[in-house]
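Chains as they are written, first to last, in this note's numbering: chain A, 3 to 293; chain B, -19 to 621; chain C, 67 to 298.
Only one structure is covered here, and it is reproduced in the block below.
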């Protein structure tokens, strides 16, 4: 039996990972639910955020500006992607949509590799995040705690955006019935662009935030892409609460399992996803019959 | 010119393409070195081509886009490599490869069980996820067997021979021939599969899955079979990779392996079998070729990505698809419906776009009305009826359907005797379409039963009902839009003659007894005999409606449900279709839902009227016309206001 | 010149030809009923007006401007509003949010309070989610969404379908009030009596074209026409 400190520490770890996954998956699921497009370039946008943040950090030396830089960089790439290519695909078969976002993801990744090279870029922990903090009997890297708090705040902001603002109301209605939103005089294509932008920005934000923890390489987004799929399956397509709950569950599964067997930690997550697929295919918060 | 003639010649002769392939494979080692392509690269291209044969069957022919084929490439590769390096089997390369393939197919059954419950984008997403699970398995928990991040080294070269004569294959061109042998056999098998009745059903599945299901095919089983076949191809290709490199790399199970397969398949052209091979040749061959140009070498993946995006946007059918279009056949491009409504439907329910065309009334042939009805009936099969002693073809008792709190149908009991043409009418909101769907097996009733020739078919589903002899034709055409008229009709006939599933992958269509006869008879009956090879997209609307009825007829039903057969027709087409319905009555029971009252009263012997989900009245057309309750139902109760 | 002039439009659902050279006109402040059996093309006519279905040819002139082919959101902004047959209330939003959403792009939007005066029932249920409303309440909300936009032309697609007679009476009252206030309305209905009680003019559509045009009084004097095209 694992000891209490280990247990709590892993619980905490799982929450940290989980919240980050929630944030990334929230962007993915909103795009999927509103536009019906599975954005396979989402991982690349996460990565762009990290690199844009890195560049901003080089220029300004401020991590806060790096975060903003990351968000803006991913936003710009995301908006370009939607305006130049993706929006012409709304009337095309779904397989084509997924293929083109996949292709765009590769193009983005390779462009970054060409420009920055394949060696990891250093994004150091900001000064306000250095060191270890003590929580009761737990010792935890300060930055990871701060990161968790920032992500939680970001999720709350996203929640407010979706549920307490006019724009959010339009997006939620669009997830449900975009044609009716159209018929009520709202330009749904602008809504799609907005949703795509929000999704890209959240991915980029997560990317730069996570950069001090993980090596910044052109391929860093791939693992998170797959994880976010698992979260969407668990949480349900188009569901913001589903992304949050699903993300936390995913983080905890990985973390808890690694206490017993680090080898199977990720495999366990996939196994649970499989069970859920068989038993409740629409996910925890999803709508039945909705693909 | 030559290509066109060659294509036409080889149309009915599969061995032509196979022979050409064999020749090309054999002489390649003489030609390729002249253009600077090495044996290693050639072998690698073949391996990806082999991997792609399975992928093309799954995606190009069945329409299932999987981003997780690396799972099977890795399973086959690692099982085979493990056997060859860690057990005493190093002399049995062939056997190990075979075992690897079987292991991959077993993995295909398991993964397919979970993933095939969903379709479209969701399916693509979860295949990716499952492949990643395999990746994690390979790297960590199973690393004792797979070598983890290091992979498995020391995979031996094969030894071929019989009895005492042995020949050790060396790397280079002799290994190429070994691998080419696998590719050739793999190609022949794949070729036969797509030409077989099994393959024809796969293509129908890709085109219009619900209709394939309603026609009597077990979609689930066909999909799983295609998935397992693709897994098998992946498995053997993976095993061969290990042999080629003398090393089984862990990244064989990585996402980018699946991604590379998809890209090669699309670039080369989906649905051509050789597409992935061409894609691999472009990818690997060009890469090898250009490797001396440093600027390009570094940007190679970027160039491929850009090419990929351009191809999907502008040349969706890929290199070979474009070649085929120019030189060989008219490949019908399914246009996409341009309404907001249908764009929304596409976004949500993944319905394939239907081309929008104008009805050209002049195309309705004059000689539509046949006088010699009897002959066609003789040729067209009708399934013998079940043994219901009371002569009732179709009946229902207390049929009820609730959706949440809303009652769509309430306690409907009616019975249709053999040979009758029953009309079902009712004002809007009467619940006719839900009722009809329950009869057809598309919707499971909340309570009540449906009996077909006395047998309880409640909740059995459309496939079972179809196999039992009841078919439905739809209000909105549900055709196989990428196929020709004759190919469309072959689908229901194949279900009738082969049952809901038959893995006759290596048989040819000519070996299905009675297939051509049944198709011919149906064509004559719906008067489309001079349009057999025409792709559906080029038919006029009236012809498409006739094909729609033909699809239901070709199933040899003795009970035929027709949902608004006259929908969207001009007056002239209506008259012709009424005639058609009169002609197909013989030996069958017909149930027709229609709003065209004139037609209904001309056709129907007996009419059931629904209102607000319930059965309001039944009687002969005369009786119904004179029934005050029915008049009130339609005219909305004038007295109430 | 009429507010709305439809001239020989042909509409398709997929490749099913539903409207054949259909023409009709609606003057400002008129209430026009579109009658006909199922499948006649009444709903498709309304959807063609709203841009959910794009007519292939012919013209649709609203206030003199051809709106054929415009996307639905532009047509809505011009002042046309469809109340769809399925109502299409946003289930995940509450009553008030449904109304707010509807009013967003309308320059002359009513205040929510004014809508509540009209529909007191909706005020009681203002915080209820769309999915929790009864059929009649949903229909009321759907009509309210058009009203809050101060739509110049309201298209009612089978507003009374599937509702209990008492609710139909309620809604009829609302519709009558709207008509009395001079709103321009096209109402598609299978409930002939209800439609005739508020309409000033009637079109009957059969198999995709107009087969009768007249006043309710005229129509009631020709029961054979009603029987042929509406009845059995």
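Note that beta-carbon positions come from the ideal geometry of N, C-alpha and C, so glycine has one too.
Contact criterion: CB-CB distance below 8 Å. Does residue i meet it with respect to chain E?
i, result
"residue 204(C)", "As a matter of chain content, chain E is missing from the structure shown, whose protein chains are A, B and C."
Of the choices the options, whose alpha-carbon is the least far from that of residue i?
i, options, result
"residue 431(B)", "396(B), 78(B), 207(B), -2(B)", "396(B)"
"residue 287(A)", "158(C), 167(C), 270(C)", "158(C)"
"residue 391(B)", "503(B), 226(B), 378(B)", "378(B)"
"residue 134(A)", "173(A), 145(A), 223(A)", "145(A)"
"residue 126(B)", "416(B), 46(B), 233(B), 156(B)", "233(B)"
"residue 148(C)", "115(C), 89(C), 91(C)", "115(C)"
"residue 56(B)", "38(B), 76(B), 121(B)", "76(B)"
"residue 422(B)", "411(B), 452(B), 402(B)", "452(B)"
"residue 162(C)", "111(C), 188(C), 175(C)", "188(C)"
Among all the DSSP beta bridges, which residues are the ones paired with residue i?
i, result
"residue 588(B)", "404(B), 598(B)"
"residue 131(C)", "128(C)"
"residue 389(B)", "381(B)"
"residue 160(C)", "195(C)"
"residue 75(C)", "88(C)"
For residue i, would you say it is in contact with chain A, using Cβ-to-Cβ distances shorter than 8 Å as the test?
i, result
"residue 163(C)", "yes"
"residue 149(B)", "no"
"residue 282(C)", "no"
"residue 122(C)", "no"
"residue 289(B)", "yes"
"residue 255(B)", "no"
"residue 170(C)", "yes"
Determine the extent of the beta strand (DSSP E) in which residue i is found, giving its start and end residues.
i, result
"residue 90(C)", "82 to 92"
"residue 127(C)", "123 to 128"
"residue 223(C)", "219 to 223"
"residue 137(C)", "Counting along the chain, residue 137(C) falls outside any beta strand (DSSP E), and DSSP gives it neither H nor E."
For the alpha helix (DSSP H) that residue i lies in, which residues bound it at each end?
i, result
"residue 103(A)", "96 to 118"
"residue 379(B)", "Taken as a continuous stretch (DSSP letters only), residue 379(B) belongs to no alpha helix (DSSP H), being part of the beta strand (DSSP E) at 372 to 383."
"residue 201(B)", "199 to 225"
"residue 11(A)", "6 to 37"
"residue 190(C)", "186 to 190"
Please go through the same chain and pick out, in chain order, the residues whose beta-carbon is closer than 8 Å to the beta-carbon of residue i, but skip the five residues on each side of it.
i, result
"residue 312(B)", "Confidence in residue 312(B) is poor, its pLDDT being 40 and thus under 50, which makes the residue's placement unreliable; the coordinate value appears in the next sentence. If we look at residue 312(B) and ignore the five residues flanking it on each side, its Cβ neighbours are 461, 462, 515, 516, 517, 518."
"residue 148(A)", "130, 131"
"residue 140(A)", "7, 10, 11, 14"
For a cutoff of 8 Å on Cβ pairs, would you count residue i as touching chain C?
i, result
"residue 45(A)", "no"
"residue 535(B)", "no"
"residue 41(A)", "no"
"residue 409(B)", "yes"
"residue 608(B)", "no"
"residue 383(B)", "no"
"residue 28(A)", "no"
Residues in the same chain with beta-carbon distance under 6 Å from residue i, minus the five sequence neighbours each way, listed in chain order, please.
i, result
"residue 113(C)", "119"
"residue 257(A)", "12, 15, 16"
"residue 145(C)", "217, 218"
"residue 284(B)", "none"
"residue 388(B)", "381, 411, 414, 593"
Taking 7 Å as the limit between beta carbons, can you name the residues of its chain near residue i, skipping five residues before and five after?
i, result
"residue 59(B)", "79, 80, 83"
"residue 637(B)", "It is not possible to answer for residue 637(B), since the shown part of chain B is limited to -19 through 621."
"residue 298(B)", "246, 247, 248, 249, 250, 255, 291"
"residue 612(B)", "none"
"residue 347(B)", "Model confidence at residue 347(B) stands at a pLDDT of 31, short of 50, so the residue's coordinates are unreliable; what they give is reported in the following sentence. Cβ neighbours of residue 347(B) beyond the five flanking positions: none."
"residue 274(A)", "255"
"residue 271(A)", "232, 252, 255, 256"
So, does the CB of residue i fall closer than 8 Å to a CB anywhere in chain B?
i, result
"residue 88(C)", "no"
"residue 54(A)", "no"
"residue 326(C)", "As shown, chain C starts at 67 and ends at 298. That puts residue 326(C) outside it, with no answer to give."
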